[in-house]
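Going from the sequence shown to the numbering used here is simple: count from 1 and add 54. In this text, a Cβ means the ideal position worked out from N, Cα and C, and glycines have one as well. Nothing here was measured: the structure is a model prediction, and the numbers come from that model. First up is the structure itself, then whatever we jot down about it.
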Amino acid sequence: SEMSLTAILSVIDGGDDKGAEKLLQKYNIEVKRLLLGLLTVLRRSDHPLCQSTCLETLRILSRDKRVLGPVATKEGILTLAGLARIHVAGHNGEPLEEAQSTGEERVVVEALKCLCNVVFNSVPAQQVGADVKLAEGLCARLHLVSSSHHEVGLFSLRLLFLLSALRTDVSGMLQKEAGAVRLLTDILERTLDVLWVGPYEATPPKPEALPISLENNELAMEALKALFNITMSDSSDEDNDHQLRLIAGIMRHLLMLKTHTEDKTEEAHSHTINLLSNLPVRCLDVLIDIPVQGGMEAYGGKNMDVVQILLDFMEKRIDKGTNYKEGLTPVLSLMTESSRYHREIRRYLKTQVLPPLKDVKERPEIGCTVRNKLVRLMTHIDMAVKQGAAEFLFVLCKESVDNLLKYTGYGNAAGLLMARGLLAGGRGETQYSSDEDSDTEEYKSAKPFINPITGHIEHPMPNPMDEMTEEQKEYEAQKLVSMIDELSRKELIRPMGVMKDGTLAPLGEAIHECSPPPSSDSDSD
Numbered sequence: 055s056e057m058s059l060t061a062i063l064s065v066i067d068g069g070d071d072k073g074a075e076k077l078l079q080k081y082n083i084e085v086k087r088l089l090l091g092l093l094t095v096l097r098r099s100d101h102p103l104c105q106s107t108c109l110e111t112l113r114i115l116s117r118d119k120r121v122l123g124p125v126a127t128k129e130g131i132l133t134l135a136g137l138a139r140i141h142v143a144g145h146n147g148e149p150l151e152e153a154q155s156t157g158e159e160r161v162v163v164e165a166l167k168c169l170c171n172v173v174f175n176s177v178p179a180q181q182v183g184a185d186v187k188l189a190e191g192l193c194a195r196l197h198l199v200s201s202s203h204h205e206v207g208l209f210s211l212r213l214l215f216l217l218s219a220l221r222t223d224v225s226g227m228l229q230k231e232a233g234a235v236r237l238l239t240d241i242l243e244r245t246l247d248v249l250w251v252g253p254y255e256a257t258p259p260k261p262e263a264l265p266i267s268l269e270n271n272e273l274a275m276e277a278l279k280a281l282f283n284i285t286m287s288d289s290s291d292e293d294n295d296h297q298l299r300l301i302a303g304i305m306r307h308l309l310m311l312k313t314h315t316e317d318k319t320e321e322a323h324s325h326t327i328n329l330l331s332n333l334p335v336r337c338l339d340v341l342i343d344i345p346v347q348g349g350m351e352a353y354g355g356k357n358m359d360v361v362q363i364l365l366d367f368m369e370k371r372i373d374k375g376t377n378y379k380e381g382l383t384p385v386l387s388l389m390t391e392s393s394r395y396h397r398e399i400r401r402y403l404k405t406q407v408l409p410p411l412k413d414v415k416e417r418p419e420i421g422c423t424v425r426n427k428l429v430r431l432m433t434h435i436d437m438a439v440k441q442g443a444a445e446f447l448f449v450l451c452k453e454s455v456d457n458l459l460k461y462t463g464y465g466n467a468a469g470l471l472m473a474r475g476l477l478a479g480g481r482g483e484t485q486y487s488s489d490e491d492s493d494t495e496e497y498k499s500a501k502p503f504i505n506p507i508t509g510h511i512e513h514p515m516p517n518p519m520d521e522m523t524e525e526q527k528e529y530e531a532q533k534l535v536s537m538i539d540e541l542s543r544k545e546l547i548r549p550m551g552v553m554k555d556g557t558l559a560p561l562g563e564a565i566h567e568c569s570p571p572p573s574s575d576s577d578s579d
């Protein structure tokens, strides 16, 4: 036929672009017909090789949003679900036994890959998936997958991840009804070889233990991503705490494990941190309560290994210097919330991040300690990053403004204090225990000479007014007043003052609020 690929390619080679365009437009229509044809063959044939060949073609075509119409229908999805051996509403396909031959398994895997593409690329397909309860079918499917069928498990998990990421109704349903949290927790326990020695304490990996196998690592990452979507919705219900503490225990175990490469370890840590951020902060006690293995005397016997791993991860992400919003803010907010709620975590992080000040000759943002790095972030251009770093340091200082300013200087902290209405000093809302931090002798002796704005000792600058006559000073003052006046009138600047409650207000109001009431017997000027 004139539609053969050979014909199209020879027109392209011959340089006839107009002709090629016409033929390709026809070809695009043909592709849709081809998709319909493939579905017909798939419904008719029971020959594994024929099925997997059709599915392979369909998978390649299903990456294109524009031709997906025929597959993104109820009929199309049911056909693919049947071939993937997933039970869905309104369709009793093959019994759910495992694929026997490698040929049959190929069909299941190809059908799952097609479903992943179609669901990812098509909103109507996502709707059909929700209608026919594809996610529930997948959960039933995952209960039966044995570890010998790696790819079946992997692409079932990936499809579950996509369905729960793209439809909040699906992730909400999975959290409530489908027992998906329990199921994914079991998969993680199995792939990460968790051996419990206490209710939520896993046996620590031996130093000589091999890293997690690549296949198990791959499964664990998909399970983590799906679990992240399902735990996104509110989990204030305390009956659920046992299950969530189990997850926290498994996450602690995962943070302690070795993987094959640095990149894989970092990816695992990143997904773990995201998932931990979804858990209620009260359940994170599991990260430091390790009675069998024991902990540190200085922190009430709590174990700080994982807190140190989180801190190292954060520092690594800061040093990377890119993609702070996605890469850095989750770990900052996880450490901030845990410090707010768990006193030992806060005390440990305070010691590591804000050790007692000794050297105050340099500005707080200069240097390569974790404190210096975090203070630099307090003036970052991205609001979320800037707030995340400032809030973390603020909580480590027990939300005491004076304490924070000691470590950061007023200039770096102004953004946070303004946002929290604390420009005049004071404390945040959280109640903290009263173990006060004592200052070092070095800091006490240097304190009178520290510039509070920059947070370091500044060498005295020569005063430019020393050389001026009174008339020159008067002239400069007048010049400054008229410049400010002109800028205010043109509304280029708005002079502000600090009110009694620590918030900013236009200068007129602030002066009015803070000035003494006029007394009747004052001398007039």
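Cβ pair residue i, residue j closer than 9 angstroms
i, j, result
"residue 283", "residue 215", "yes"
"residue 230", "residue 266", "no"
"residue 279", "residue 184", "no"
"residue 249", "residue 301", "no"
"residue 61", "residue 78", "no"
"residue 335", "residue 287", "no"
"residue 428", "residue 414", "no"
"residue 431", "residue 455", "no"
"residue 207", "residue 268", "no"
"residue 137", "residue 125", "no"
"residue 501", "residue 450", "no"
"residue 167", "residue 217", "no"
"residue 378", "residue 323", "no"
"residue 204", "residue 237", "no"
"residue 663", "residue 281", "With the chain represented from 55 up to 579, any question about residue 663 goes unanswered, as that position is not in the structure."
Residue i versus the options, residue with shortest Cα-Cα distance
i, options, result
"residue 256", "174, 346, 266", "346"
"residue 95", "105, 86, 87", "105"
"residue 340", "303, 476, 314, 364", "303"
"residue 372", "423, 81, 454", "423"
"residue 419", "135, 322, 509", "509"
"residue 80", "98, 58, 68, 101", "58"
"residue 224", "211, 188, 567", "188"
"residue 159", "465, 209, 141", "209"
"residue 91", "133, 139, 534", "133"
Contact set for residue i: own chain, Cβ-Cβ below 7 angstroms, skip 5 residues either direction
i, result
"residue 103", "157"
"residue 401", "353"
"residue 258", "310, 347"
"residue 397", "487"
Neighbour flag for residue i against chain C, beta carbons, 9 angstroms
i, result
"residue 538", "The chain inventory of the structure shown lacks chain C, comprising one protein chain alone."
Coil, strand or helix - residue i by DSSP
i, result
"residue 559", "strand"
"residue 515", "coil"
"residue 98", "helix"
"residue 479", "coil"
"residue 109", "helix"
"residue 55", "Reliability of the predicted coordinates at residue 55 is poor, the pLDDT of 46 falling under 50, and no value is obtained from them."
"residue 552", "strand"
"residue 175", "helix"
"residue 61", "helix"
"residue 564", "helix"
"residue 266", "coil"
"residue 510", "strand"
"residue 504", "strand"
"residue 186", "coil"
"residue 142", "strand"
"residue 382", "coil"
"residue 377", "coil"
Contact set for residue i: own chain, Cβ-Cβ below 8 angstroms, skip 5 residues either direction
i, result
"residue 383", "438, 439, 442"
"residue 121", "82, 85, 86, 89, 115"
"residue 459", "467, 506, 509"
"residue 326", "278, 305, 308, 309"
"residue 369", "424, 427"
"residue 388", "327, 330, 331, 364"
"residue 577", "For residue 577, the predicted model reports a pLDDT of 46, less than 50, meaning its position is unreliable; a value from the coordinates is still stated below. So no residue of the chain qualifies."
"residue 161", "102, 105, 106, 109, 137, 153"
"residue 395", "335, 336, 338"
"residue 56", "For residue 56, the predicted structure reports a pLDDT of 49, less than 50, and the residue's modelled location is therefore unreliable. A value from the coordinates is still provided. 77, listed in sequence order."
Cut-off 6 angstroms between Cβ atoms - residues of its own chain near residue i, not counting five sequence neighbours on either side
i, result
"residue 564", "551, 553"
"residue 254", "299, 303, 340"
"residue 128", "182"
"residue 543", "none"
"residue 319", "313"
Near the ligand FMN: residue i beta-carbon under 8 angstroms from a heavy atom
i, result
"residue 104", "In the structure shown, the ligand FMN is absent, as is every other ligand, since no ligand is present at all."
Fill in: Those runs of the alpha helix (DSSP H) which lie wholly inside the stretch 212-259 and span at least 4 residues
222-230, 234-245
Worksheet item: Can you list, in chain order, the stretches of the alpha helix (DSSP H) that have 4 or more residues and sit fully within the stretch 400-458?
Response: 424-431, 437-450
Discussion item. At 4 residues or longer, what runs of the alpha helix (DSSP H) sit wholly inside the stretch 285-358?
Written reply: 295-310, 316-332
Discussion item. As an exercise, report each continuous alpha helix (DSSP H) stretch of at least 4 residues that is fully enclosed by the stretch 66-93, in chain order.
Written reply: none
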